[in-house]
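Mapped onto full-length UniProt numbering, the consecutive letters of the sequence shown carry residue numbers 1 to 335.
Backbone N, C-alpha and C fix where the C-beta goes; we use that ideal spot for every residue, glycine too.
Note that the structure is a prediction, hence the values are computed from the model and not measured.
Quick notes on the structure that follows.
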Amino acid sequence: MRGEAAPHTPVWFMRQAGRYMPEYRALRAGRSMLECIRTPELAAEITLQPIKAMPVDAAILFNDILTPLPLMGLDLDFVGGVGPQINNRIETPADVDRLGVPAAAEVMPYTAESIRLVRQELDPRGVPLIGFVGAPFTLASYAIEGKGSRNYERTKRFMYGEPAAWHRLMDKFETILADYLAEQVKAGAQAVQIFDSWVGALSIYDYVTFVKPATGRLIERTKKLGVPVIYFGTSTHHLLPQMSSLGSDVMGIDWRTPLNDAWKLIQPGQGVQGNLDPLLLQGPWRELKHQTDRILAEVDGRPGHIFNVGHGLLPETPVDMVRRLVDYVHEQTAK
1 MRGEAAPHTP VWFMRQAGRY MPEYRALRAG RSMLECIRTP ELAAEITLQP IKAMPVDAAI
61 LFNDILTPLP LMGLDLDFVG GVGPQINNRI ETPADVDRLG VPAAAEVMPY TAESIRLVRQ
121 ELDPRGVPLI GFVGAPFTLA SYAIEGKGSR NYERTKRFMY GEPAAWHRLM DKFETILADY
181 LAEQVKAGAQ AVQIFDSWVG ALSIYDYVTF VKPATGRLIE RTKKLGVPVI YFGTSTHHLL
241 PQMSSLGSDV MGIDWRTPLN DAWKLIQPGQ GVQGNLDPLL LQGPWRELKH QTDRILAEVD
301 GRPGHIFNVG HGLLPETPVD MVRRLVDYVH EQTAK
């Protein structure tokens, strides 16, 4: 992540601990998402499942970007077959003002304990652990929409119509997220990723005006912790110059932007992470191999590349294809 020499291109996957793995489905049976996140032994075991199953080069903590929301006073529920829902979504400036900003160490001690348990298993293997949070805009969009959205109409109406309240909301998220990342690093996370999953829905002007200030402060505070920072979003080709100017060590790129184009849009010296379409892992090996070769050719041996998917692994992904891909990237990039 710092552009240092490695024996091969490092590989890990967003959502590498998840529903595509039979071990995960067995452990999750009869348990809610929040129960697994808030039980350190369960969260640690899920984090370690892909490490035990395949030679990925990093682990990412099993958690969810929305876990800070209930601690701020939002009623979050994970509905099977539907996804996350917030039953008291933000609709007015008064709703913003009612949100609390508790200290992460006091209200999320389970995350720190999960990290400590995972590090006990990872350290002998020499595998680093990545912590993460959602970015302020992406959490704000969930809090206002009440669920996932295609067009973010409620979010944009609130952003345009109540700009002062919007910035107060972003400030609250920046504060709790910076604190949460600091606790993760203190507990043992060796790198962090900030997921701005839905920010690509915005124009350049809206990103600069309504998102960049709070996200910039979050990245600035996190870099002071002394660990590498990855900043990731989807559909962000038009935003990459602005996003990269915030100074993360690595920019996460989705499959819509060729990596050799992305490198021209980001800051000199920044690494890139990506950017395989996760659906390719559900197709034939010949096409997966062809597009993996294409991505590696775009990199052309340039330092600072982390191989990953352009968004999370999907539930229908065959584990054997993921394992085969990891082995193939390692073989093709061995120094």
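Please confirm whether residue i and residue j have their CB atoms less than 7 Å apart.
i, j, result
"Phe137", "Val82", "no"
"Val329", "Val11", "yes"
"Ile306", "Gln267", "no"
"Tyr152", "Ala201", "yes"
"Glu91", "Gln49", "no"
"Leu169", "Val96", "yes"
"Ile176", "Val127", "no"
Bridge partners of residue i, per DSSP?
i, result
"Tyr207", "Paired residues: none, contrary to the question."
"Asp77", "Gln85"
"Gly252", "Phe232, Gln273"
"Asn308", "Asn275"
"Leu129", "Ala59"
"Ile194", "Val133, Tyr231"
"Val11", "Phe307"
Assuming residue i and residue j are in contact, meaning their beta carbons sit under 8 Å apart, how far apart are those beta carbons, in whole angstroms?
i, j, result
"Gly134", "Leu181", "The Cβ separation is near 11 Å, so there is no contact."
"Leu240", "Leu265", "4 Å"
"Leu117", "Ala59", "At roughly 12 Å, the Cβ-Cβ gap does not stay under 8 Å, so Leu117 and Ala59 are not in contact."
"Thr111", "Asn63", "7 Å"
"Ala105", "Glu183", "5 Å"
"Leu61", "Thr47", "6 Å"
"Thr257", "Ser197", "Contact flag wrong, Cβ pair sits at about 15 Å."
"Ile37", "Leu122", "Rounded, the Cβ-Cβ distance is 19 Å, inconsistent with contact."
"Pro93", "Ala143", "The pair is not a contact, with the Cβ atoms about 13 Å apart (cut-off 8 Å)."
"Gly312", "Met14", "4 Å"
"Thr236", "Leu281", "The Cβ separation is near 22 Å, so there is no contact."
Keeping to the same chain, check which residues put their C-beta closer than 8 Å to that of residue i; ignore five residues upstream and five downstream.
i, result
"Asp277", "Trp255, Gln291, Val309, Gly310"
"Pro315", "Gly18, Arg19, Tyr20"
"Val227", "Val185, Ala189, Gln190, Ala191, Val192"
"Ile219", "Ile194, Val229, Tyr231, Leu246, Gly247, Ser248"
"Leu259", "Ile253, Val272, Gly274, Asn275, Ile295, Glu298, Val299, His305"
"Arg217", "Glu174, Ala178"
"Gln270", "Ser244, Ser248, Asp249, Val250, Met251, Gly304"
"Gly148", "Gly83, Pro84, Tyr142"
"Glu302", "Residue identity differs from the one stated: residue 302 is Arg in this sequence, not Glu. Excluding residues within five positions, the ones whose Cβ falls inside 8 Å are Trp263."
"Trp285", "Met321, Arg324"
To which residues of the same chain is residue i closer than 7 Å at the C-beta, ignoring the five residues directly before and after it?
i, result
"Met54", "Val322, Arg323, Val326"
"residue 336", "Residue 336 cannot be examined here, being either before or after the span of the chain that is shown, 1 to 335."
"Leu76", "Leu66, Leu69, Pro70, Pro84, Ile86"
"Pro7", "Ala334, Lys335"
Buried or exposed: which applies to residue i, given that a residue is buried once 16 or more other Cβ atoms fall within 10 Å of its Cβ?
i, result
"Tyr160", "exposed"
"Asn88", "exposed"
"Lys335", "exposed"
"Asn275", "buried"
"Lys172", "buried"
"Glu331", "exposed"
"Val79", "exposed"
"Ser141", "buried"
"Asp179", "buried"
"Glu145", "buried"
"Thr215", "buried"
"Asp57", "buried"
"Ala26", "exposed"
"Ser32", "exposed"
"Ala262", "buried"
"Ala187", "buried"
"Gln120", "exposed"
Which same chain residues end up closer than 6 Å to residue i when comparing Cβ atoms and leaving out the 5 residues on each side of it in sequence?
i, result
"Ser114", "Pro40, Ala43, Ala44"
"Leu99", "Met72, Gly73, Lys172"
"Leu139", "Phe173"
Quick check: does the Cβ of residue i come within less than 6 Å of any heavy atom belonging to the ligand MG?
i, result
"Phe158", "The ligand MG is absent from the structure shown, which contains no ligands of any kind."
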